């Protein structure tokens, strides 16, 4: 009776040193990122942002302005990746633009779309799992650049967010399709239970 508990404890302490565990985790991460839509990862980003509000407001007693800065700093890359993934999902969708020209090209664009959306999903998943794995440490540590001004990477993320917003707002006229099609694509990608 004590043996299964002891075995589980030993695994918990030694799992980081097992190559099979890392391989299984990597495969599981790829499968999760491939099967779930961007809405599920949007929920992860939202959970992360909610945790940041608690972290900065409740744990560190910051003002709402400093809490907002902390939330932005902690989630800026994830939100940017989510926006970039959303742009790829719209512009490389099989029902719009160049992707519907020919069957072979459609298959190539579908593979490109899958790969382009897999990268943001994997990065968001990795970042979220890293936070959850070290939750106590994460809650204790303030972002290293909090109150230090925006970095070049931050400005690059803001630029890409603006570009993504522009491309999504003007997707229908730029690709000469109906707004209803763009709405369907966005719903397909952003409603988490629509797998």
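Numbering (our numbering), first residue to last: 4 to 198.
Heads up, the beta-carbon is just placed ideally off N, CA and C, and yes, glycines get one too.
Computed from a predicted model, the values in this text were never measured in an experiment.
Here DSSP, grouped into helix, strand and coil, assigns residue 113 to helix.
Boundaries of the alpha helix (DSSP H) around residue 183: 182-193. Taking residue 79 as the centre and dropping the five residues before and after it, the same chain places the C-beta of 157 and 160 closer than 7 Å to its C-beta, in chain order.
Only residues of its own chain outside the window of five on either side were considered, and among them 195 have a CB closer than 8 Å to the CB of residue 43, listed in chain order. One Cα belongs to residue 175, the other to residue 127, and the distance between them is close to 28 Å. Residue 92 counts as buried, since at least 16 other C-beta atoms from the protein chains shown sit within 10 angstroms of its C-beta. Put simply, the segment 115-131 touches the segment 70-84. At least three CB pairs are less than 8 Å apart. Per DSSP, the unbroken alpha helix (DSSP H) holding residue 176 starts and ends at 174-178. Contact between the segment 128-140 and the segment 57-67 is not established, with fewer than three Cβ pairs separated by less than 8 Å.
One alpha carbon belongs to residue 142, the other to residue 133, and they sit about 12 Å apart. For the 8 Å CB-CB criterion, residue 95 and residue 112 form a contact.
Under the three-state reduction of DSSP output, residue 47 falls in the helix class.
One thing to note: residue 167 has its Cβ no nearer than 8 Å to the Cβ of residue 46. Under the DSSP assignment, residue 76 falls in the alpha helix (DSSP H) whose first and last residues are 67-94.
When the alpha-carbon of residue 32 is set against those of 130, 73 and 48, the nearest one is in 130. Cβ neighbours of residue 76 within its own chain (closer than 7 Å, five residues either side excluded): 146, 148 and 149.
Contact between residue 40 and residue 192 is confirmed by a C-beta separation of about 5 Å, below the 8 Å threshold.
Taken atom to atom, the span from the alpha-carbon of residue 182 to that of residue 190 is near 12 Å. Under the three-state reduction of DSSP output, residue 39 falls in the coil class, being neither helix nor strand. Contact annotation: residue 163 and residue 71 have beta-carbon atoms that are not nearer than 8 Å.
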